[in-house]
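In the UniProt record's numbering, the protein residues as written are 1 to 1640. Where is the CB? At the ideal position from N, CA and C, for every residue including glycine. Some notes on the structure that comes next.
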């Protein structure tokens, strides 16, 4: 039979399976075997047998449940299940052999068959995506009748699938590839994620793979201006609204970019991504365009157009200076400047401002410092003001580094430094921890009536009025000092043109009065003093009270201070803001607080801020710190006040002197005098030596705190008491120093250690070495001290030694108890017995006194040093932890000795483990056997598995049974399970069939299955009578004694026969002799033994005599030993008698311990007996016995503790009994031990000596090395070949230090040479800098001229605009007339005439000597002066036509004006300055060419402006042709007049003054006064220029001074290094001296 299928509605057929009774013959090509795969087509005979003949059943499953199916939806599985038709093909019937008899075909027709039931189970194929199938549509249903059990062909799809077989995903569910459902995994079709912007999608495998097999759906026809795989992006020219979700239909908004100003035709950024820097909707503007939508120009650009590739045009305005930083109007391009900015392009700051920036006002005020700057003008870029000398900072408000701003009391003159008549100087020490004080300098001058003080000063920097301030100590009375006269002594009369020119002689005589409660007085009025003039100020103390003389009246005067009045300080600056500054300065009382010596840190901030400005007003510069290199920590001082950082006890602004009460000015500062208050007059000492002023009582010492030598107890100074053995003693304690004659002690009243005697006065027993026993340096001295004790037998005292520990006896000639050695031999010592603390050191004889071996070991120890635990004990004997071993009797090998003495490990029987041998080894059992443990021998294949999956090879520790798995049995699990037999390896186990009646057990022999029968039963199954029995089983009876006897005989004979058979077999193999080999060997051995005995018996007489002598010697030794034993026994008896009492208690405790031990042993024996007899019972009893044994052991331990406590009590009792005796012995032992330690230290020193010699001298030998020597008496130490020694290293270090010192000196000389060269270079630099400065000034003048020209042009434009705007003010006729007048104006002088006129003016100016006389004589003729003024104005107008020549003339006239100012000031070097001016004029010729070039450029600019103005004039052509002509003429005239005005401004004034000087002496008096004032101003300007040059020179000098300061610092560091080298060298020499005195 064949089952076939069709998948194409019976068009083609494919077999499922073949069925036949004889497959090989019926279907020869079809294999007959079980199928291996679902697709295998096989033949089977299972359902083709003859029986049953009817009612047979055949079951066929296309998918066999016995074949695993990995993928039920694989193609091969799907093809097997894809069926439209089923066909059963019957090919042959069973004929029951009838066809063998008759071959006719008709024979087969009588056979029939019928299929009584056919069940075909199937389902529609839905790939797991449908629960049921439904009928097809109506058209198909008509042709196929409906049946309830019919399998329909249309699936009712789920999981978002579609199709007849759910083989496709629905239209909008294509995000994942279609898959069949497998088991619990439905593989549902996933909806596409189109964010609500699409209705259709398709699956794209490339997209799916690119996403990492996560999503493959691609949306189709995205809406709402979206695009992308998931419609997640906006289309070009749209951007995503970040405030709306992506699913919003209005999420994409159109770009708002202005196409005129944006790039890429207005496209914007479509999405927001902070990581990539993307901003949704962002427009990309052209380079000059900005704004969110690119709709306006950037700042600095204007006129936005689409044709411009950059979008906007650049402005001509400066961005920083224009309003709102916009640059210009973005529509018109016009500039609009900020408040503090000017210029056409808003690119310049207003005057006195700087720093053009994007600030609100554009620029910042210069805000130059009131005193530190020259004026309020600063650099337009950096804001740097023009600083006075030694000032720095942008505002010139701070002093430069290494410079400072002095306070207002800079000119302080100390009274103690003045010339004093009838006065005394009183020094005053500064109080400790007080920041402020009321005086300056070192102290005061105590003045009385008629005292005169002369103060001198010659370093005033400014000529001005000064107030004289007298500072004094406030007086406590209510009177003060009423009469004080002051006189200012001048060396010459004041300068006639100086500030003191109007001074009268009476102004130098002043009076003052001291107020009682004040600290200073300000003398009024002020005095006028000139700079750099030496003055003397005399202060004469008059009567304290007017007309009342008081000779006892005194006052302490501190100093005088010269301070200018406040108003004069600020007025001298000439700045309008001074009034505000002066009011602020006075309101804060800054002047008063500084005069009161208020510390700068306590001054108000306002006053601190004015320190530098006031210093600049007072000195016109800041001062150099000049910190003393020795007394200060740094060369930099405080910028305000100038106080240097002083070292301890150093004072002064420069840190240049010691404070009062200190001395020794040096690199470490000053040291406090610390004069003794009792022995000295005061606390002041000599500032160099520090010697205090001592009182007269024989007191000495630097501090006046010591007595004379031989005395002590300052200040009483008593005589030293030293028994004539010392001359001096300690100044404080009186203890004698350097006792002589081997004495020692506080009063030299006893001998040194190691000596004895009585050196006190009146006794005078000299000190001698102690004989203990050999004396010092004998090699066997065992005491450090000794003493005299009255003798009982003679008048002379006995010498008693204080023995070291370990020694005893009056002369320390014996070893103490429990010490050993040979103390009476040279170098002999007594050492303590080393018994590891396991003996009683108080018990005599605990160790051998000769060998040191320990005898009476305690704590269960033994050995020569009690270093081992006793046998049967274990632990560490050195820490007294020996305890008894605990060994299990069943597992311990008693023949192998005791346990290990360290670990306590017992000797175990075979296969037994554990410290106590109480455990079987792994995989062993039967500890109770007492012979060791036997191996389990568990069969790995028959035991169960443990938790880790390995075979459980451990058996039961009692009976050895292994843990068998099911089907296995026996002790080792290598047999079949219980009551079975056979070979478990092959799986053939059979059940035992032993008869229950005849068998002794149901378990048969595991190998052959034979049963173990009861007596009388026999047979394999024990179900018959056994041999020797008769009867009917199971009632079997024994045959009787007769049978039994014969049976035994027969069995013996059988055994003999079998033995003979085995022997015969051996004869056949080895022969007859080999059978008797054992007997022959025994005989040969006996013969050899007999021969040896006979040979050894050959002894001579000599041998016998020798043996007899040996025996005699042995007997003598035995007798000696017996005697020794008897003596020892007697001593032992004596010692034992002392401890009998304690032994009684010990015995009772031992008896109790023995009873407990016996009971424990009984328990152990019982346990052993129980283990041997009954394993299971022994186990239970042993467990109970173990608990009892533990309790017994606990009691035993407690008993041991009691024994130990009793032993301790016994020892304490013995110690109490022998306390008095042992005290001395203990002291003696301690002395001996100390001596031993010293000897050891000496021995160690001797061993260390070679290494010490190596470290010091460089060679490891002792006592003296031939090459390197050694310390002590060797004569030398170290050398060139011994560089490893410290001596050689020290010498090398010193050599290196000397070389370094020499090199440093050479470098210092080189530095001085370099310094000289630098100074020469600096001089050349000064010259070069002056020349460069002159050139720079000329260039600046040219730049100023160009700027003035530009300003003039701007002013002309403004005037032109005003003229045009206000043209109604002047008629065309008036303009024409003015133009004609200007055109007709001419200058009558040529350029040569003007040059000649300038020379004449210069000569006249040089010849003028007395300006004041000229001024007095020129008063009254005003008319002539006015005429000259008009002539000068006419000349000025004519000069406009010759601009270049006029410029040269103007410069010459400026030099002439400068010379005139010098003449006016009566300066002697006026002629030299005029020559310098002429040289400057010659050097400026080249610069003039540059000015001419600049002027030409200016003309070009004027031409451009003129053309621009012409364009403007076109608007006014309608006025009239005359107006146009007038305008052009006026423009030209104004331009020429402006140039003439700018170029000839100074020429006009010069001509005016020159005309006045050359006319007559009777002209008016006002114009010459103005001329003189103008000349004075020019002289002042020239002076300022000279001062600036000097300032630069001073700056370079300051740099040189700073370099000198640094060089001084370097020299100081070198000095410190020299000091350190000297210190190290000294230390090395000290170490050498120390080691050289060591006793080797």
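In the structure shown, residue 182 falls within a strand segment according to DSSP collapsed to helix, strand and coil. Taking a C-beta distance under 8 Å as the contact criterion, residue 229 and residue 214 do not qualify as a contact pair. Taken atom to atom, the span from the alpha-carbon of residue 954 to that of residue 999 is near 32 Å. Judged by DSSP secondary structure, residue 425 falls outside any alpha helix (DSSP H) and instead within the beta strand (DSSP E) spanning 419 to 427. DSSP places residue 114 in the coil class of the three-state scheme, outside both helix and strand. Note that the region 789 to 798 does not touch the region 812 to 831; fewer than 3 beta-carbon pairs, one per stretch, sit closer than 8 Å.
The continuous alpha helix (DSSP H) containing residue 613 extends over residues 611 to 619.
Judged by beta-carbon spacing, residue 981 lies beyond the 8 Å limit of residue 964, meaning their Cβ atoms are not closer than that value. DSSP places residue 916 in the coil class of the three-state scheme, outside both helix and strand. Burial of residue 901 is indicated by the presence of at least 16 other C-beta atoms within 10 angstroms of its C-beta. Straight-line spacing of the CA atoms in residue 67 and residue 40 works out to 11 Å.
A distance below 8 Å separates the beta carbons of residue 443 and residue 425. Of 440, 406, 451, the smallest CA-CA separation from residue 422 is found for 451. About 4 Å separates the beta carbons of residue 197 and residue 231, which is inside the 8 Å limit, making them a contact pair. In terms of CA proximity to residue 755, 744 leads the group 744, 763, 692. Around residue 888, the same chain offers 916, 917, 918 as residues with beta carbons nearer than 6 Å, after the five sequence neighbours per side are excluded. DSSP places residue 784 in the uninterrupted beta strand (DSSP E) bounded by 783 to 789. Short of 7 Å from the beta carbon of residue 638, and not among the five residues preceding or following it, lie these beta carbons of its own chain, in chain order: 404. Between residue 839 and residue 864, the alpha-carbon positions lie close to 12 Å from each other. The residue among 821, 824, 773 with its C-alpha nearest the C-alpha of residue 799 is 773.
CA-to-CA, the gap between residue 1064 and residue 1056 works out to about 12 Å.
Between the region 31 to 50 and the region 8 to 20 there are three or more inter-stretch CB-CB distances shorter than 8 Å, so the stretches are counted as touching. Residue 293 and residue 243 do not touch by the CB rule: their CB atoms are close to 18 Å apart, not below 8 Å.
Nearest in C-alpha terms to residue 420, of all of 810, 763, 878, 556, is 556. The C-alpha of residue 182 lies about 8 Å from the C-alpha of residue 72. Cβ neighbours of residue 128 within its own chain (closer than 6 Å, five residues either side excluded): 180, 181. Counting only unbroken stretches of 3 or more residues, the beta strand (DSSP E) elements lying wholly within the region 21 to 92 are 85 to 89, in sequence order.
Within the same chain, 261, 289, 290, 304, 330 come within 8 Å of residue 296 by CB-CB distance, once the 5 residues on both sides are set aside. Sorting 625, 812, 256 by C-alpha distance to the C-alpha of residue 265 places 256 at the top.
Secondary structure of residue 1021 (DSSP, three-state): coil. Under DSSP, residue 1004 forms no beta bridge with any residue. Following the DSSP letters along the chain, one finds residue 492 in no alpha helix (DSSP H), marked with neither H nor E. When C-beta atoms of the region 473 to 490 are compared with those of the region 509 to 527, three or more pairs fall below 8 Å, so the two segments count as touching. In terms of Cα proximity to residue 324, the closest of 314, 335, 683 is 335. Classified as buried, residue 439 has 16 or more neighbouring CB atoms from the shown chains inside 10 Å of its CB. DSSP places residue 452 inside the beta strand (DSSP E), whose first and last residues are 443 to 457.
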